[in-house]
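Since the structure comes first, as structure tokens, the remarks are kept for the end.
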Amino acid sequence: MTEIIDGKVASQDVVAEVKRLSAELAVSGGTPGLAVVIVGEDPASQVYVASKSRMASECGFHSVQYSLSSDTSENELVDLVCKLNFDPQIHGILVQLPLPSQIDTGRIIQAIAPEKDVDGFNFINVGKVGTGELGTAFIPCTPAGAMLLIERVRGKDLTGLNAVVVGRSNIVGKPMASLLLAANCTVTIAHRHTRDLATITRTADILVVAVGKPELVKGDWVKPGATVIDVGINRVPALADGTRRTTLVGDVDFGAVKRSAGAITPVPGGVGPMTIAMLMANTLVSAYRAVGMVAPR
Ligand code: NDP
7 MTEIIDGKVA SQDVVAEVKR LSAELAVSGG TPGLAVVIVG EDPASQVYVA SKSRMASECG
67 FHSVQYSLSS DTSENELVDL VCKLNFDPQI HGILVQLPLP SQIDTGRIIQ AIAPEKDVDG
127 FNFINVGKVG TGELGTAFIP CTPAGAMLLI ERVRGKDLTG LNAVVVGRSN IVGKPMASLL
187 LAANCTVTIA HRHTRDLATI TRTADILVVA VGKPELVKGD WVKPGATVID VGINRVPALA
247 DGTRRTTLVG DVDFGAVKRS AGAITPVPGG VGPMTIAMLM ANTLVSAYRA VGMVAPR
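Start counting the sequence shown at 7; every next residue gets the next number (the working numbering).
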């Protein structure tokens, strides 16, 4: 029987633990603080930011949101980030991407203090994840969430398993591969130029797909019993004849792959809910570190 990995339930477990530990920390005088910054009026970004701020409040965090106009200059945004870097009530700074074109995204990400970089995009945290210094790093939220889902299915010991990560972006594919390598998997990273992708994915005990191509991975691309983590979120438009509404699909052909996989994440309801939950977990970890304590993971 194929296990459908329920990201909603897993994320609720993470959030419940964050709430509990946040309340414990508050007793000793430290309330975790998350600042979310959005520039411009992009509707999808507005939705993401609102749900992050709402979740932070639910977790008992000090939650602040800065909504800046779309003509905000790069220097104005750097000034705000620097102010937040020095604000003792703030433990996590999240600048919602994408930023308007007049702003150099790289400069903003590098301006965030590494110890408040709860997205894990600053070079210091990228370097820590790449070198296996996971105990002091902030791990990017999506691969951190995907890793938790893998561990729920396969247990914490992944030693010797073959892992294939399709996609090599800095926010998902590369850190995902680093986490699996740190867990002693044998890791292959595939991308647009990979030859005979299906032959490679068929070697995977753990297959993580983060590509952004609807249903790229077909049923016969997956080894029987494999754990399949579908990170992709693709909006497929409605058909004019009314036979299909606008739907969300992953990078994996769920219906076909679920027949052979041992476990698989659905889209929606798989990796997606984990991302916000891990942002809360990273902010909590930051608040514990700020008072010289280590948050239980
Ligand atoms: P990027 O566009 O940054 O990276 C996509 C990667 O896929 C690239 O490395 C690219 O290769 C590779 N790729 C593209 N086409 C193919 C192909 N035909 N065969 C093999 N590899 C291919 O995307 P992201 O990593 O940011 O996101 C990937 C997906 O995950 C998207 O659908 C996104 O919406 C989703 N996502 C979901 C999140 C969640 O919370 N669940 C969070 C973040 C992303 P190359 O480098 O050679 O160009």
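Idealized CB from N, CA, C, for every residue including glycine. Computed from a predicted model, the values in this text were never measured in an experiment.
Rounded to the nearest whole angstrom, the CA to CA distance from Val135 to Ala16 is 23 Å.
In this structure, DSSP gives Ser28 a helical state, which the three-state scheme calls helix. Here Ala62 is buried. Its C-beta has 16 or more other C-beta atoms within 10 Å. Here the residues close to the ligand NDP, judged by CB distance below 7 Å to any of its heavy atoms, are Thr148, Val172, Gly173, Arg174, Ser175, Ile177, Val178, Gly179, Ala196, His197, Arg198, His199, Thr200, Leu203, Ala216, Val217, Gly218, Lys219, Leu222, Val237, Gly238, Ile239, Asn240, Asp257, Val277, Gly278 and Thr281 in chain order. For Leu103, the closest alpha carbon among the candidates Leu155, Ala143, Pro49 and Glu121 is that of Pro49. For Leu186, the three-state secondary structure derived from DSSP is helix.
Distances from the alpha-carbon of Glu121 to those of Val171, Gly66, Leu74 and Leu40 put Leu40 closest. Taking all protein chains in view, the Cβ of Glu221 is crowded by 16 or more other Cβ atoms within 10 Å, so the residue is classified as buried. Taken in chain order, the complete beta strand (DSSP E) segments of 3 residues or longer contained in the segment 35-109 are 39-45, 68-74 and 98-101.
Secondary structure note for Arg160: it is in no beta strand (DSSP E), and the uninterrupted alpha helix (DSSP H) holding it is Cys147 to Arg160.
In the structure shown, Arg241 adopts extended strand secondary structure according to DSSP, grouped into three states. Secondary structure at Ile177: coil, using DSSP grouped into helix, strand and coil. Beyond the five residues adjoining it in sequence on each side, Val43 comes within less than 6 Å, by CB distance, of Tyr72 and Val101 in the same chain, given in chain order. Taking C-beta atoms under 8 Å as the contact rule, Asn131 and Ala143 qualify, at a distance of about 5 Å.
Taking the Cα positions, Thr207 is about 11 Å away from Arg201. Contact between Ser292 and His97 holds, since their C-beta atoms are separated by about 4 Å, short of 8 Å.
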